[in-house]
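Engineer:
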Amino acid sequence: MNNLKRTLRELARYPSAIFGLSIIGILVIVGILAPILIPYERAIELWRGGEEIWYANPRNVPPAWINWFRTKKLVETFTLDSAKGEAEKLVDSVNNQIVLTYTFEYNYDTFPQEIIFYFRAQYKQQKPFVSIVWYTPDGRQIPIDNLALSTTTTVRFSQNERLARRFIDTSPVKGLFIDPTSDVKNPTIVKGTYKIVLTVTSFEPETNVDAELVVHGQVAGWAGTDHRRRDLGVAILWGTPVALLFGLMAALGTSVLTMIISAVGTWYGGWVDELIQRITGVNLVLPFLPILIMVGTFYSRSIWIILSVTIALSIFGSGIVTYRSVFLQVKESPYIEAARSYGASNARIILMYMVPRVIPLLIPGLVTSVPGYVFLEASLAVLGLGDPVLPTWGKIINDAQTNGALYEGLYYWVLEPAVLLMITGLAFAMLGFSLDRIFNPRLRGQ
Numbered sequence: 002m003n004n005l006k007r008t009l010r011e012l013a014r015y016p017s018a019i020f021g022l023s024i025i026g027i028l029v030i031v032g033i034l035a036p037i038l039i040p041y042e043r044a045i046e047l048w049r050g051g052e053e054i055w056y057a058n059p060r061n062v063p064p065a066w067i068n069w070f071r072t073k074k075l076v077e078t079f080t081l082d083s084a085k086g087e088a089e090k091l092v093d094s095v096n097n098q099i100v101l102t103y104t105f106e107y108n109y110d111t112f113p114q115e116i117i118f119y120f121r122a123q124y125k126q127q128k129p130f131v132s133i134v135w136y137t138p139d140g141r142q143i144p145i146d147n148l149a150l151s152t153t154t155t156v157r158f159s160q161n162e163r164l165a166r167r168f169i170d171t172s173p174v175k176g177l178f179i180d181p182t183s184d185v186k187n188p189t190i191v192k193g194t195y196k197i198v199l200t201v202t203s204f205e206p207e208t209n210v211d212a213e214l215v216v217h218g219q220v221a222g223w224a225g226t227d228h229r230r231r232d233l234g235v236a237i238l239w240g241t242p243v244a245l246l247f248g249l250m251a252a253l254g255t256s257v258l259t260m261i262i263s264a265v266g267t268w269y270g271g272w273v274d275e276l277i278q279r280i281t282g283v284n285l286v287l288p289f290l291p292i293l294i295m296v297g298t299f300y301s302r303s304i305w306i307i308l309s310v311t312i313a314l315s316i317f318g319s320g321i322v323t324y325r326s327v328f329l330q331v332k333e334s335p336y337i338e339a340a341r342s343y344g345a346s347n348a349r350i351i352l353m354y355m356v357p358r359v360i361p362l363l364i365p366g367l368v369t370s371v372p373g374y375v376f377l378e379a380s381l382a383v384l385g386l387g388d389p390v391l392p393t394w395g396k397i398i399n400d401a402q403t404n405g406a407l408y409e410g411l412y413y414w415v416l417e418p419a420v421l422l423m424i425t426g427l428a429f430a431m432l433g434f435s436l437d438r439i440f441n442p443r444l445r446g447q
């Protein structure tokens, strides 16, 4: 405990360590909250879902916060559902009518991608009939459609023939917001309060109709959407614990096993040490990434398999040689001779006397190696060899690359996970360098 307090006091002297710890703390908090906010089963369901889940999202739009930096505001995606009380609903049992009124403020400088109504009707035999009318802030009244409703009916304004005939020079959706007195080449958007009135005529006493209005804007959510309308926030959140767990487990497993193997070889010497050195020499010339690619291609892309192979290929690395040089000095220490004299077992000497002396060298190296394994997992995902189930940062980049995000100017799709990867690497590197200064006597005065 005293050593921990001393180490923390030393860390407080380095601004880089404080910055790194702060970033790591935020990442850890996000990693803990992600499974709480979005449980694992739900996250997988969302990430593998299609139109039935993400119907309310537009395709390939940036996050809503980019409007903070724009003078011309992009339309934000929104929904209004009468079943949730987000629209005024009046039931006239005398005239057998249900009137749904949707009111919203429109103060944007661009047009939405699409306007859709999703109807849900309950009836026995006679289908209800609906009339849709659009009211503009300047007092105009535009009939949209008249149709009979099935149990589920979808009305897309961009495909409405009546609107297409009315607005010949532009798309139906844009025509609803344009001032008809403005120049055709430079149309003006009418801003203000818009209203959509749905008048439903029923032919049975127990008929009920609700409708959800979905306006697909030019921005959506806090992380944007991809080609499958998925909210990238799901993968951003869940990518945090996946990246941290993979990086920490790989770094910890590799560092601890490497240290123990090196201690065993140094203590026993002879053929044991020779065998460990030969295995290390062979392993150092093996192509690390190609082997992982082969495992992911021909065997399994499970993150646990990849983690196990990563640790197995990393434990006989250059760290064996570094630790061996230190353990050779520790082996000749007087307290080791004292332990042997009172009959301490080989396992006790290795684990209780030799290994603890090298832990100060282990900690900085462990921390600085975490980003490398985080980038490794992301690199495999970018190559299409990531876990097929988990949503991760690398998989976001892979989807963006596959669907030409950079060619279409969808930079947010690549930058969000890439920036998180860089921040994670920077945080662990800054903390690791500070710890190296603390535990390495030769660097304390530099």
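With this note's numbering as the guide, the letters of the sequence shown map in order to residues 2 to 447. Ideal Cβ positions, reconstructed from N, Cα and C, are used throughout, including at glycine.
Can you list, in chain order, the residues of its chain whose CB lies under 6 Å from that of GLY426, leaving out five sequence neighbours each side?
Structural biologist: Correct list, in chain order: PRO372.
Engineer: So for GLU417, helix, strand or coil by DSSP?
Structural biologist: In this structure, GLU417 counts as helix in the three-state DSSP scheme.
Engineer: Determine the closest residue to PHE79 out of ARG71, GLU89, ALA65 and MET353, with distance taken between C-alpha atoms.
Structural biologist: Among ARG71, GLU89, ALA65 and MET353, the Cα nearest to that of PHE79 belongs to ALA65.
Engineer: Given this structure, state the Cα-to-Cα distance separating GLY318 from SER263, to the nearest angstrom.
Structural biologist: Spanning the two alpha carbons is a distance of roughly 10 Å.
Engineer: In the DSSP assignment, the alpha helix (DSSP H) including GLY366 goes from what residue to what residue?
Structural biologist: GLY366 -> alpha helix (DSSP H) spans 356-383.
Engineer: What are the boundary residues of the beta strand (DSSP E) that includes PRO59?
Structural biologist: First-last for PRO59: undefined, no H or E at that position.
Engineer: Exposed or buried, what is TYR103 when buried is set at 16 or more other beta-carbons lying within 10 Å of its beta-carbon?
Structural biologist: Buried.
Engineer: Mind checking whether the beta-carbon of VAL235 lies closer than 7 Å to any heavy atom of the ligand NAP?
Structural biologist: This structure simply doesn't include the ligand NAP, nor any ligand for that matter.
Engineer: Using only alpha-carbon positions, find the residue among ALA57, THR72 and ASP184 that is nearest to LEU464.
Structural biologist: In this structure the chain extends from 2 to 447, so residue 464 is not present and cannot be described.
Engineer: For the pair the stretch 248-258 and the stretch 91-103, tell me if three or more CB-CB distances fall below 8 Å.
Structural biologist: No contact exists between the stretch 248-258 and the stretch 91-103.
Engineer: Helix or strand or just coil, what does DSSP make of PHE434?
Structural biologist: Here PHE434 sits in helix by DSSP.
Engineer: Helix, strand or coil for THR267, going by three-state DSSP, please let me know.
Structural biologist: Here THR267 sits in helix by DSSP.
Engineer: Which same chain residues, not among the five before or five after GLY446, have their C-beta less than 7 Å away from its C-beta?
Structural biologist: Reliability fails at GLY446, whose pLDDT of 49 lies under 50, so the model's placement of it is uncertain and the value that follows must be treated cautiously. Taken in chain order, the list of residues that qualify is empty.
Engineer: Taking the alpha-carbon of ILE145 as reference, which of PRO138, ASP232 and VAL134 has the nearest alpha-carbon?
Structural biologist: Taking only the C-alpha atoms, the option nearest ILE145 is VAL134.
Engineer: Mind checking whether LEU215 and TYR109 have CB atoms under 8 Å apart?
Structural biologist: It should be pointed out that residue 215 corresponds to Val in this sequence rather than to Leu. It is not a contact, given that the beta carbons lie outside the stated cut-off.
Engineer: For the stretch 338-345 and the stretch 267-287, state whether three or more C-beta atom pairs, one from each stretch, are separated by less than 8 Å.
Structural biologist: Taking 8 Å as the limit for Cβ pairs, the verdict is that the stretch 267-287 does not touch the stretch 338-345.
Engineer: I'd like the list of long-range same chain contacts for GLY193, defined as Cβ closer than 6 Å, with 5 residues on each side in sequence excluded.
Structural biologist: Cβ neighbours of GLY193 beyond the five flanking positions: PRO138.
Engineer: Please report how far the alpha carbon of ILE116 lies from the alpha carbon of TRP55, in whole angstroms.
Structural biologist: Rounded to the nearest angstrom, the two C-alpha atoms are 15 Å apart.
Engineer: Kindly indicate which three-state DSSP category GLY320 falls into: helix, strand or coil?
Structural biologist: Correct three-state label for GLY320: helix.
Engineer: Using CA atoms only, rank isn't needed, just tell me which of THR369, ALA401 and PHE440 is closest to GLY21.
Structural biologist: Ranking the options by Cα distance to GLY21, first place goes to THR369.
Engineer: Mind checking who ARG157 pairs with in its DSSP beta bridge?
Structural biologist: ARG157 is bridged to ILE117.
Engineer: Determine, using beta-carbon pairs with one atom in the stretch 399-416 and one in the stretch 344-358, whether at least three such pairs fall under 8 Å.
Structural biologist: The stretch 399-416 vs the stretch 344-358: no contact.
Engineer: If I measure Cβ to Cβ from ALA406 and keep anything under 7 Å in the same chain, skipping five residues before and after, which residues do I get?
Structural biologist: Closer than 7 Å at Cβ, skipping near neighbours: TRP414 and VAL415.
Engineer: Pair every Cβ in the stretch 299-309 with every Cβ in the stretch 386-398, then say whether three or more of these pairs are closer than 8 Å.
Structural biologist: Yes: the two stretches touch, three or more of their Cβ pairs being nearer than 8 Å.
Engineer: Could you have a look at LEU12 and say whether DSSP puts it in helix, strand or coil?
Structural biologist: DSSP places LEU12 in helix when its eight states are reduced to three.
Engineer: Which word fits ARG49, buried or exposed, when buried means at least 16 other C-beta atoms lie within 10 angstroms of its C-beta?
Structural biologist: ARG49 comes out exposed.
Engineer: Tell whether a beta-carbon distance below 8 Å holds between ILE1 and PRO59.
Structural biologist: Residue 1 lies beyond the stretch modelled for the chain, which goes from 2 to 447, so this question has no answer here.
Engineer: Short of 6 Å in beta carbon distance, which residues of its chain neighbour GLY320, apart from the five on each side in sequence? Order them along the chain.
Structural biologist: Within the same chain, GLY320 has close Cβ partners THR259.
Engineer: For SER256, does the count of other Cβ atoms within 10 angstroms reach 16, so buried, or fall short, so exposed?
Structural biologist: It counts as buried.
Engineer: For the putative contact between ILE397 and LEU233, defined by C-beta atoms under 8 Å, what is the C-beta separation to the nearest angstrom?
Structural biologist: About 6 Å; that satisfies the 8 Å criterion.
Engineer: Ends of the alpha helix (DSSP H) at PHE79?
Structural biologist: Per DSSP, PHE79 belongs to no alpha helix (DSSP H); it is in the beta strand (DSSP E), 79-82.
Engineer: Can you tell me whether THR189 is helix, strand or coil according to DSSP?
Structural biologist: Reduced to three states, the DSSP call for THR189 is coil.
Engineer: Pick from LEU329, PRO206, THR154 and ARG229: whose alpha carbon is nearest that of VAL265?
Structural biologist: Nearest of LEU329, PRO206, THR154 and ARG229 to VAL265, Cα basis: LEU329.
Engineer: Helix, strand or coil for PHE105? Go by DSSP, reduced to three states.
Structural biologist: Strand.
Engineer: Excluding sequence positions up to five away, which residues of its chain have a Cβ less than 6 Å from the Cβ of TYR15?
Structural biologist: Correct list, in chain order: SER435.
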